Each structure stands twice: as structure tokens, then as C-alpha cells.
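Take 336 as the starting number for the sequence shown in the numbering used here and just add one per residue.
Where a beta carbon is used, it is the ideal one built from N, C-alpha and C, also for glycine.
In this text, all values refer to a predicted model and were calculated from it rather than measured experimentally.
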Amino acid sequence: MKTQILQLEVHDDVISILDKIGWTQTERVLIVLPRRRRILTHKLDLLRLKRHSQKRGCQIAFVTSDPLVKALAQEVNLPVFHSIQKAYQAEWPKESAMQFPPAMPSGDKKPLEAQMATLQAIRSKNTTYLLPLWTRLGWFTLAVLAVMSILGVLAPSATIRFTPPVQQQTITIPIIATHRAQQARISGEVPISTLRVTVSGRKTIKASGAITLPKDFATGEVTLTNLTDQTIEVPAGTVLRTLDQKPRRYATQQTVLLKTDNEKTTTVTVQALEAGSAHNAQPNEIKAVEGLLGLKIAVNNPSPVQGGSDMTASAPSEQDRRLLFQQLQAELIEEAKDRIPNELQKGDLLLPESTIKTVVLRQQYIPEKASPSDSLSLDLEIEVSFGVVTRQSLLDLGDQILASSLPAGYQPLRDTFTATCQNPFIQTENGDYTCNLELFREVQLRFNPEEIRQLVVGKSISNASRLLQQTYRLSEPPNIAILPRWFPILPLLPMRIEVVTKK
Numbered sequence: 336m337k338t339q340i341l342q343l344e345v346h347d348d349v350i351s352i353l354d355k356i357g358w359t360q361t362e363r364v365l366i367v368l369p370r371r372r373r374i375l376t377h378k379l380d381l382l383r384l385k386r387h388s389q390k391r392g393c394q395i396a397f398v399t400s401d402p403l404v405k406a407l408a409q410e411v412n413l414p415v416f417h418s419i420q421k422a423y424q425a426e427w428p429k430e431s432a433m434q435f436p437p438a439m440p441s442g443d444k445k446p447l448e449a450q451m452a453t454l455q456a457i458r459s460k461n462t463t464y465l466l467p468l469w470t471r472l473g474w475f476t477l478a479v480l481a482v483m484s485i486l487g488v489l490a491p492s493a494t495i496r497f498t499p500p501v502q503q504q505t506i507t508i509p510i511i512a513t514h515r516a517q518q519a520r521i522s523g524e525v526p527i528s529t530l531r532v533t534v535s536g537r538k539t540i541k542a543s544g545a546i547t548l549p550k551d552f553a554t555g556e557v558t559l560t561n562l563t564d565q566t567i568e569v570p571a572g573t574v575l576r577t578l579d580q581k582p583r584r585y586a587t588q589q590t591v592l593l594k595t596d597n598e599k600t601t602t603v604t605v606q607a608l609e610a611g612s613a614h615n616a617q618p619n620e621i622k623a624v625e626g627l628l629g630l631k632i633a634v635n636n637p638s639p640v641q642g643g644s645d646m647t648a649s650a651p652s653e654q655d656r657r658l659l660f661q662q663l664q665a666e667l668i669e670e671a672k673d674r675i676p677n678e679l680q681k682g683d684l685l686l687p688e689s690t691i692k693t694v695v696l697r698q699q700y701i702p703e704k705a706s707p708s709d710s711l712s713l714d715l716e717i718e719v720s721f722g723v724v725t726r727q728s729l730l731d732l733g734d735q736i737l738a739s740s741l742p743a744g745y746q747p748l749r750d751t752f753t754a755t756c757q758n759p760f761i762q763t764e765n766g767d768y769t770c771n772l773e774l775f776r777e778v779q780l781r782f783n784p785e786e787i788r789q790l791v792v793g794k795s796i797s798n799a800s801r802l803l804q805q806t807y808r809l810s811e812p813p814n815i816a817i818l819p820r821w822f823p824i825l826p827l828l829p830m831r832i833e834v835v836t837k838k
């Protein structure tokens, strides 16, 4: 026979049990009562459950060790088992579908006072497990004290603020800035680094030179002679030239016809192909005809070809170019010097101007070649390199020099380091630079926050302040704040103490 188990919770009551029984689909329902709370306390509750189950056509039983429930269930003829396993193994008593507990004969009825006494005895038996009131109050007090102790350890926090002792270190030594050193040495040598600044500009000056330019074309007459027995037409534009290493060339101005009879020779006008006096020709200098016609005809100029002339115009000279470059470069170097303060890192030392070097990145003259012009312009971009001694090199040197005089237990404050030349850099014979350098820094007492926490844990503010002043030789008492403010001592857990140093 199938059995459905109803596992009750402490928040269940008779109404919820009735509702759960109404949803069951089996012939037997096993109700498991919770141990932490008594749900069924009256006989009427069990009677309601029994009648409801009989209407549903099922039989109910209980799993409980509560003596009150056992007694009430026995009175209404409901089976009770010690465990679910026992309920499955045991045989449930049979009852009719609508059987109610038989009425007791009037002569056998117990007086109401006797029934109440029986129930009270059963209830009192179940309360024998409770401890006496004073014992329960004692345990409750201990629990409260335990919670307060835990809160007393975990809840308080403290912040300690103090200024560690600070001392100063200073020394003046001669240093040598050299390209030979790769890093700072305790002997005083420091490497020279390069700071590069790129600048550009444009400058225009008036041209001071002159240039000769061709003006007019030379003209004259030449004689052409037919060397063949055929008539030859010499078209206009036929090119004639001299026999110089750099030939001068001329073009005929008319078309002529050379015959084979007495008219083999004729005269034609020519003009130089290029203007200028350089293309004037003395008599008998024009001797050649270019092209295939040169094999058939001969040429000569019995009279000079003249009329070519030149003109003089203003133009930039090479000296103008050199002067313009020097002036613009000097201006750009001065501009780079003005930008150096912004380019230098804090603490870097700038070496004298003798370390300045320039590299031309872009250079363009206008006009570029020898051309007539009243002015000369230059677009110039250069990279200017300055020699510097970096702060990092000076800091490395200071660490080496000042380490020997560092007080025990102190550590350097690197942000306070300064290096100042007492005199301008002087260039030595081998190209190095030297000066007397003053090194300065502050050093602070080194402390371990964990040691401070262990030192003041669980102590009052006054005792903790006195201990810190004595141990670390503080010039002023530390500022100690405890939360909550009314807590009398610093936290017992070191992790709840925060240590903050003032700058």
C-alpha cells in the first residue's frame, strides 16, 4: 500500500496540515512532526485531522517522540511511530472509513478535572528537559560577554600619524663632466649627455652680386655653294655652325635654290640660335651645315656675323648664400637656447656653449641657382645639440658620495636631492668640463609599520605616545585617533592599526 510522507516545518499549523492532506493521492499519509516546535497541543487538533483524512478516504499516522502527542493520539486511536522506517515496517491498525472514537459509557467517563490532570502531567513530563532559569540566564550572560569580547577585538580601529625625524646631508666636491664616462663614478666623473632641439626659420637678404644675361641675337650673311651637279633647295631654318669645341649655331632666314651652272653659289641671311655676344662670329668661322645637306653644299661667312649683345642684372652671389646661411643659423641657435629652459629636466646642468653642435635637416635657397633676382631667401631647419649633465647622473654620484656619511637607521629622501655648481663650468685642455658641485639631500629615519603596531597594540593613547617618542626620538608627539572614541585602548589586533607618516 502506498504511503505519502508529509514533512512538517516549524511554521506549519493545523490549517496547513489539513490543506496538505487534501492534496494527497495515497491511502496512507505519514505526518512527520518537527522536533524544535510543538504543533499539535490539543486533542481537538488530532480529531480534526482524523476526520478530514477519513473524508478523503485515507489513513494518517504520526512520526514523533513528543509524549504529549503520543498520549493525545492514543486517545483518538491514531498510530504513532518513532521513525519513518518503523512506520514502513509496522502494520497500521485498520479502521472503517467514517469511524469515530466510541463514546465512553457514562459510568466510565473520567471527571474533567482528572482529564486535565492527566494532560498536565504529560506536559510537565515533556518540560523536564528544560534547564533551571538561573542556569539559562548564566549561559545567556556568557554568550553576551563572548559577543562583546569579539566586538571589542574586531571593531576598534586606530590611526597613528607622526613625522619621522629628518636630517640633512651636504658636501662640496669637484666634478668632471666627460664623454669618456658612461656612468657616474665616485671619483667625481659624470657622463655628458646630449639634449637635442629642432628649430626652423626663414630669412631674406638683398642680393649684392650681378649676372650677365644675353640680350640680342647676332645676324649676318653666309655663302652657300652647291657641290653636286644637281639643283639643291636649301630651306629656311637650315642650321649652320662653327667648328669650335663648343659650336655656335645659326639658322638660315630664307629658302634658296642652288643651281648647277654659274649660280652654284648664293648668299643667304643667318641668325644665331642663342642670344648674346658669345654668338658673334668672325669671318670664315661658320664652316659646316648640319644634316644630309652638309654632304652636298659648302658654307662660309666672308663677313663677320655680329649684333649679339649682353645685359647685366642683379643676382645673389655665393658670398650672399654663405652670409645668409650663417645669419639664419645663428638666429636659430639663439632660438634653441631660449627653448632650453623648457626642454631641460629639473635638476639637469647645462654645459657651456662650446658643446653646441648643429645638423642641417633641411635647406632651400630661393632662387636655387644663379638667376637674376634682387633678393635671396633661405628656408632652414636644423637640429641643435647641447651638452648636459642629467639629474640622474648627479643623483647616482650623490648616492655614492653621501653613502659613507648616512646616519644609521636613516634612508635618503631622493625628492629632496639637489646639485648646484658653485662656479661656472671650465673647459679643460682635453675637452672635459669641471666645476665645484654642492650636493644636498635630506634623510629620514627608517621605520617598520609592523614594528610600530606591535609596540602599541593594546596600550592606552598616552602610553603608546610615550613609547613612540622614546623609541624613535620624535620631536613632537604622534597624533593617535581611536574609533570608537570612547574605547580606552588601542586595538588588540595589529591589523586594525593604521600607521601614516607626515611629510
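In this structure, residue 393 sits near residue 364, with a CB-CB distance shorter than 7 angstroms. Assigned with DSSP and collapsed to three states, residue 626 falls in coil, not helix or strand.
In the structure shown, residue 828 adopts coil according to DSSP, grouped into three states. DSSP places residue 739 in the helix class (H, G or I) of the three-state scheme. The C-beta distance from residue 736 to residue 664 rounds to 41 angstroms, too long to fall under 8 angstroms, and the pair is not in contact.
One thing to note: residue 781 has its Cβ within 7 angstroms of the Cβ of residue 744.
Residue 749 carries a strand assignment under DSSP once its states are collapsed to helix, strand and coil. Taken through DSSP and simplified to helix, strand or coil, residue 733 comes out as helix. Positions of the beta strand (DSSP E) runs, each at least 3 residues long and wholly inside the region 751-831, are given as 768-780, 814-818 in order along the chain.
Spanning the alpha carbons of residue 835 and residue 372 requires a straight line of approximately 55 angstroms. The beta-carbon distance between residue 423 and residue 338, rounded to whole angstroms, is 7 angstroms. This is short enough to meet the 8 angstroms contact definition. Following the DSSP letters along the chain, one finds residue 645 inside the beta strand (DSSP E) bounded by residues 644-650.
The Cβ neighbour count for residue 504, taken over all protein chains shown within 10 Å, is at least 16; the residue is labelled buried. Shown here, residue 351 sits in a helix according to DSSP, grouped into three states.
Its chain contains 708 as the residues whose beta carbon lies nearer than 6 angstroms to that of residue 702, once the 5 sequence neighbours on both sides are disregarded; these appear in chain order.
Pairing residue 613 with residue 589 gives a Cβ-Cβ distance that is not under 7 angstroms.
DSSP places residue 588 outside any beta strand (DSSP E), giving it a letter other than H or E. Secondary structure note for residue 660: its alpha helix (DSSP H) is the uninterrupted segment 653-678. Between residue 509 and residue 771, the CB-CB gap stays under 7 angstroms. From the listed residues 817, 791, 726, the smallest Cα separation to residue 805 is found for 791. From the listed residues 668, 650, 605, 669, the smallest Cα separation to residue 638 is found for 605. The beta carbons of residue 619 and residue 635 sit about 6 angstroms from each other, so the pair counts as a contact at 8 angstroms. Assignment of beta-bridge partners to residue 493 by DSSP yields 817, 832.
Nearest to residue 536 by alpha-carbon distance, out of 524, 552, 543, 667, is 667. Taking residue 728 as the centre and dropping the five residues before and after it, the same chain places the C-beta of 519, 525, 526 closer than 7 angstroms to its C-beta, in chain order.
Here residue 481 carries a helix assignment [DSSP, helix/strand/coil]. For residue 545, the enclosing beta strand (DSSP E) covers residues 544-551. For residue 511, the enclosing beta strand (DSSP E) stretches over residues 501-513. For residue 394, the enclosing beta strand (DSSP E) has its first and last residue at 394-398. Rounded to the nearest angstrom, the Cβ distance from residue 773 to residue 755 is 5 angstroms, consistent with a contact under 8 angstroms. Residue 783 is classed as exposed because its beta carbon has fewer than 16 other beta carbons within 10 Å across all chains shown.
The residues 770, 771, in chain order, have a CB closer than 6 angstroms to that of residue 758 in the same chain once the five nearest residues on each side in sequence are set aside. If you draw a straight line from the Cα of residue 761 to the Cα of residue 711, it comes to about 40 angstroms. By the 16-neighbour rule on beta-carbons within 10 angstroms, residue 561 is buried.
DSSP, reduced to helix, strand and coil, places residue 714 within a strand of the structure shown. With respect to the 7 angstroms criterion, residue 631 and residue 563 are classified as neighbours on the basis of their beta carbons.
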